[in-house]
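These notes are about the structure you will find just below.
Residue numbers (this note's numbering): 3 to 587.
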């Protein structure tokens, strides 16, 4: 049996006036991480109190408590990567995951680059991580070659993804990907390191803005009763709240984008513009200029229309029935944001058999198609728009049931959101009322689509979200291990004399530094997206479309394969941030 602390595996109810008294409640469990439930002023709070300090181990006091809002790929990955830190005694367990409802996953294929899975693969001693990694690879297909074609069918170039130095591209059904993550979460729930709150108890409305605690606050859960009922606070309050609730994140819309002018950073893409960094509360920082403006906040959290729709489907045709399906390929259009791509996929069936399918994607800006409500007529119009494109495009789309073809408008955030590290100042600027005296509030960290929803043209949304989850856990581990010497925080309650087992200022500094390091990865993806948009998916009548059709593509046809393949491999690697040193740090 493993004897390392498991966070709040053990719990004890304690009526005490302070965290100091709560800590004494748990001394009989010396050497273990004990979760003490403290009742103060009729409000239940849960503390993760470490009582090992007497034995010369970790510093005594409250350990970092974390909530993850969102049960998608980014949220589940975040909880999985943080779970080992509970066992290590670095954070207070359990990690609370709040999901508003069961995510309706699709059977349509999605791609994940192996950079998102390295952290799972390399955690050999973490059972849940191996469950996720093994299950995804068992149910997915690796794509080793991707071809680039013109609408007439001629081959422009090829990218070779095979090789030890090249990241793998795993393709699997979205339902299988999320299913693998849920299997890992179920394992952590059984071990007591994660608790999942779903349904009514997982519908987060906001963060308690009147919390008297110096460095934490509870979340507010939407009431299940009449609409005018106020939201209820969660039982626990949290030092770190991870917003992983997607593109339409409630926490991003409310608290993201409130900035102090720390510096202006030119990112080199129109999608990002000039990045302004968030509020600081760090010792010795005298360079910030507080500002609050409704228009600025709206711009910072705004969603941008990318002016095309994405159609996706799984085709049942096989390689034996149709030629040209041996490898993945994408066909670059010449106007109207038109582009086609397909990726082969095999997944296991009961009895040891496998099934072959081909997931295809179409992008186009045509209101006559997107406004058609009838699926059959929409499919006919889609086939008509690509009638003069090469085979096997029509065969793939034609074999897909119309009702199973999904359609989504392509949108992206205008800006990324950096951590909110001074919740108090944000609320005071936003509400125009003073925050409780002596309270700074929690950190709000954005991950996945809540951090920034990117243009779907390179299909790296899941990848960058899962990478970000691993990077967050790595940063926290680095910071908290550095803190093992005995960090001390201010009192946890007025006059309580309580202690924290971590430095809240050091955590804030590390998360801001992490944000800066991750920006290099994001910039590479945004620049690559703009390049592919210009060359492979041009708008009607655009100069970039003319250049791509009459200059770039003829040059690509003439260039030898030994020169083109390394170039396209390099572009792919650049989009993943592999040549910046910032992709997974």
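Even glycine gets a Cβ: it sits at the ideal position worked out from N, Cα and C.
query	result
Residue 433 to residue 209 span [Cα, whole Å]	13 Å
Close-in-space but distant-in-sequence residues of the same chain around residue 348 (CB under 6 Å, 5 per side omitted)	143, 356 and 358
Between the CA atoms of residue 529 and residue 325 - distance to the nearest angstrom	34 Å
Same chain, Cβ closer than 8 Å to residue 436, five either side skipped, listed in chain order	430
Rounded C-alpha distance that separates residue 175 from residue 330	16 Å
DSSP bridge partner residues for residue 359 (one or two, in chain order)	347
Unbroken beta strand (DSSP E) run spanning residue 463, endpoints	Careful: residue 463 lies outside any beta strand (DSSP E), inside the alpha helix (DSSP H) at 463-484.
Per-residue burial, residue 464 [other beta carbons within 10 Å of its own, 16 or more giving buried]	buried
Contact belief for residue 670 with residue 195 at Cβ below 8 Å, rounded distance in angstroms	The question about residue 670 has no answer here: the residues shown for the chain are numbered 3 through 587.
Ordered list of beta strand (DSSP E) runs contained in the segment 121-192, each at least 3 residues	143-145, 147-151, 157-162 and 171-175
Spatial distance of residue 450 from residue 216 (CA atoms)	28 Å
Backbone secondary structure at residue 539 - three-state DSSP	coil
Straight-line Cα distance separating residue 204 from residue 188	17 Å
C-alpha gap between residue 121 and residue 387, whole angstroms	43 Å
Three-state class that DSSP yields for residue 545 in the structure shown	helix
Contacting residues, own chain, Cβ-Cβ under 7 Å from residue 308 (five flanking each side not counted)	412, 413, 414 and 457
Spatial neighbours of residue 565 in its chain, beta-carbon cut-off 8 Å, leaving aside the 5 residues before and after	none
Test item: CB-CB of residue 232 and residue 225 under 8 Å	yes
Own chain residues within Cβ distance below 7 Å of residue 368, not counting five before or after	338 and 387
Assigned secondary structure, residue 567 (DSSP; H/G/I helix, E/B strand, else coil)	helix
Nonlocal neighbours in the same chain, by C-beta distance under 6 Å from residue 302, ignoring five residues either side	259 and 417
Residue 222, enclosing beta strand (DSSP E) - first and last residue	219-223
Cβ-based burial, residue 538 [other Cβ within 10 Å; buried from 16]	buried
Rounded Cβ spacing between residue 88 and residue 80 (contact assumed at less than 8 Å)	Incorrect: roughly 13 Å between the Cβ atoms, too far for contact.
Proximity test, residue 561 beta-carbon vs the ligand NAP heavy atom, cut-off 7 Å	Among the components modelled here there is no ligand, and therefore nothing to report on the ligand NAP.
Spatial distance of residue 570 from residue 547 (CA atoms)	19 Å
Contact set for residue 314: own chain, Cβ-Cβ below 6 Å, skip 5 residues either direction	110, 363 and 408
Residue burial classification, residue 180 (beta-carbon count within 10 angstroms, cutoff 16)	buried
Nearest-angstrom Cα separation, counted from residue 138 out to residue 245	25 Å
For residue 455, three-class secondary structure by DSSP	coil
Cα-Cα separation, residue 572 to residue 299	37 Å
Cα-Cα separation between residue 74 and residue 455, rounded to whole angstroms	14 Å
Buried or exposed (CB count within 10 angstroms, at least 16 for buried), residue 247	buried
The alpha helix (DSSP H) enclosing residue 83, as first and last residue numbers	75-89
Residue 237 (DSSP reduced to helix, strand or coil)	strand
Residue 66 beta carbon less than 8 Å from that of residue 221	no
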